[in-house]
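Shown next, in C-alpha cells, is the structure this report addresses.
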Amino acid sequence: MMTKKVMENRLHRLEGQIASLRVGISKGLPCEAMVMQFLAVKGAFNAAFLLYVKESLTDCQRSDAKERDQLISLLIRK
Numbered sequence: 013m014m015t016k017k018v019m020e021n022r023l024h025r026l027e028g029q030i031a032s033l034r035v036g037i038s039k040g041l042p043c044e045a046m047v048m049q050f051l052a053v054k055g056a057f058n059a060a061f062l063l064y065v066k067e068s069l070t071d072c073q074r075s076d077a078k079e080r081d082q083l084i085s086l087l088i089r090k
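Under my numbering, the first residue of the sequence shown carries the number 13, and numbering increases by one thereafter.
In C-alpha cells:
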C-alpha cells in the first residue's frame with residue numbers, strides 16, 4: 013500500500029529532475045545530456061503515475077463501482 017510519504021518522496025525527486033532540466037537548458041548543455049535528463053523525468057513521472065493509479069484502482073475496488081468506472085474512463089480517454 014502506498015503511503016502519502018512515498019508519493020511525496022517520488023514527487024520531490026521529480027521536482028529535482030525538472031529543476032536539473034531548467035539548469036541544463038539555461039546553461040546550454042549538450043543535446044545528449046538533455047535527452048537523458050528528459051528521459052529520467054519521463055521515467056520518474058510514469059512510475060509515480062502508475063503507482064498512484066494502481067493504488068487508486070485498489071481503493072476504488074473497496075468502494076463505489078461508479079467511482080471506479082469513472083477512473084477507468086479517464087485512463088482510457090485519448
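Heads up, the beta-carbon is just placed ideally off N, CA and C, and yes, glycines get one too.
**Prompt:** Which term fits Q49, buried or exposed, when burial requires 16 or more other beta carbons within 10 angstroms of its beta carbon?
**Reply:** Within the sequence shown, the letter at position 37 stands for residue 49. Buried, because 16 or more other Cβ atoms sit within 10 Å of the Cβ of Q49.
**Item:** Anticipated Cβ contact below 8 Å, A56 with R25, distance rounded
**Value:** Taking the first residue of the sequence shown as position 1, residue 56 is located at position 44. Taking the first residue of the sequence shown as position 1, residue 25 is located at position 13. Confirmed, about 6 Å.
**Asked** Do V53 and I30 have their C-beta atoms closer together than 8 Å?
**Response** The count along the sequence shown starts at 1 and reaches residue 53 at position 41. The count along the sequence shown starts at 1 and reaches residue 30 at position 18. Taking 8 Å as the Cβ cut-off, V53 and I30 qualify as a contacting pair.
**Asked** At which residues does the alpha helix (DSSP H) containing D76 begin and terminate?
**Response** Here residue 76 refers to the residue found at position 64 of the sequence shown. Neither: D76 is in no alpha helix (DSSP H) and is coded neither H nor E.
**Message:** Please state the DSSP three-state secondary structure of L83.
**Reply:** Within the sequence shown, residue 83 is the residue found at index 71, counting from 1. In this structure, L83 counts as helix in the three-state DSSP scheme.
**Message:** So, under 8 Å CB-CB, A60 and L87 are touching, yes? Tell me the CB distance rounded to an integer number of Å.
**Reply:** Counted from its first residue, the sequence shown places residue 60 at position 48. Counted from its first residue, the sequence shown places residue 87 at position 75. 15 Å between Cβ atoms; not a contact.
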